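Take a look at the structure set out below.
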Amino acid sequence: MRLLANWRKYPNEQTPHVRHVEILNQDVDPVTGVLRTERLIMVRQNVPMLVRKIFGGDTSYVLEYSEVDPRKQTLVMQSQNMTYSNLLSVGEYITYTPDPENPKHTLFTQSAQLKASGALCRFANKIEDICWNRFQDNAHIGKLGLEQVVSKILAERQAMTMPMAQTASD
């Protein structure tokens, strides 16, 4: 379910800023069964008109690497912005692991590192604060989106088992 929810995370109603996701590379380690995927995510940023004019638009790209380990039942993702990374570097690290106390539940951890540099160095603290606040808002929205996707998957699973249960009782 963790893997399926991750692949179906975009698009969803909570994250309309994610415009497109492209799988660049994907392979399975024949020994470990670990699935490695590299995706390019196109995001439309909600930025002021002045920023759009200075930087030439509101579209940015994020490179995401993920590993799914079927034996450990874990999903690890790392992402890094590609657009304007010379001015603002945003790295994110996410893990989904089974809860050791209740394996039917999933533990979610997320961390990020933001660093302003180049021409933005003078204003680094202020820019990093603004970006951190936006990141926290988006993280909350992303979590809601993923929960919505999981709910849809569970509803689909239940709908698929309902006709079988009815046929068995008929």
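The opening residue of the sequence shown carries number 1 in our numbering; numbering runs sequentially from there.
Ideal Cβ positions, reconstructed from N, Cα and C, are used throughout, including at glycine.
Every value quoted in this text rests on a predicted model; they were computed, and no experiment measured them.
| request: Give the DSSP bridge partners of N81, in chain order. | output: Paired residue(s): V62.
| query | Taking the C-alpha atoms as reference points, what is the distance between D27 and L40? | reply | Taking the straight line joining both Cα atoms gives about 16 Å.
| Could you give the residue range of the beta strand (DSSP E) that holds T106? | T106 -> beta strand (DSSP E) spans N102 to A116.
| field | G91 - containing beta strand (DSSP E), residue span | value | L88 to D99 is the extent of the beta strand (DSSP E) around G91.
| message | Just verifying my parser: in three-state terms, what is the DSSP assignment at V21? | response | V21: strand per DSSP, three-state reduction.
| task | Using alpha carbons as the reference points, say which of Q78, G57 and P70 lies closest to L63. | result | When only C-alpha atoms are compared, the closest one is Q78.
| message | Mapping the DSSP letters down to three states, classify R44 as helix, strand or coil. | response | Three-state result, R44: strand.
| For M42 and G91, the rounded distance between their alpha carbons | Whole-angstrom Cα-Cα distance: 16 Å.
| request: Mind checking who E67 pairs with in its DSSP beta bridge? | output: According to DSSP, E67 bridges with R36 and V76.
| task | Could you tell me whether the Cβ atoms of S60 and Q80 are closer together than 8 Å? | result | One thing to note: S60 has its Cβ no nearer than 8 Å to the Cβ of Q80.
| Distance CB(K115)-CB(S89) smaller than 8 Å | Yes, the pair counts as a contact, with Cβ atoms nearer than the cut-off.
| field | Cβ-based neighbour list, Q148, same chain, cut-off 8 Å, excluding 5 preceding and 5 following | value | N12, E13 and Q14.
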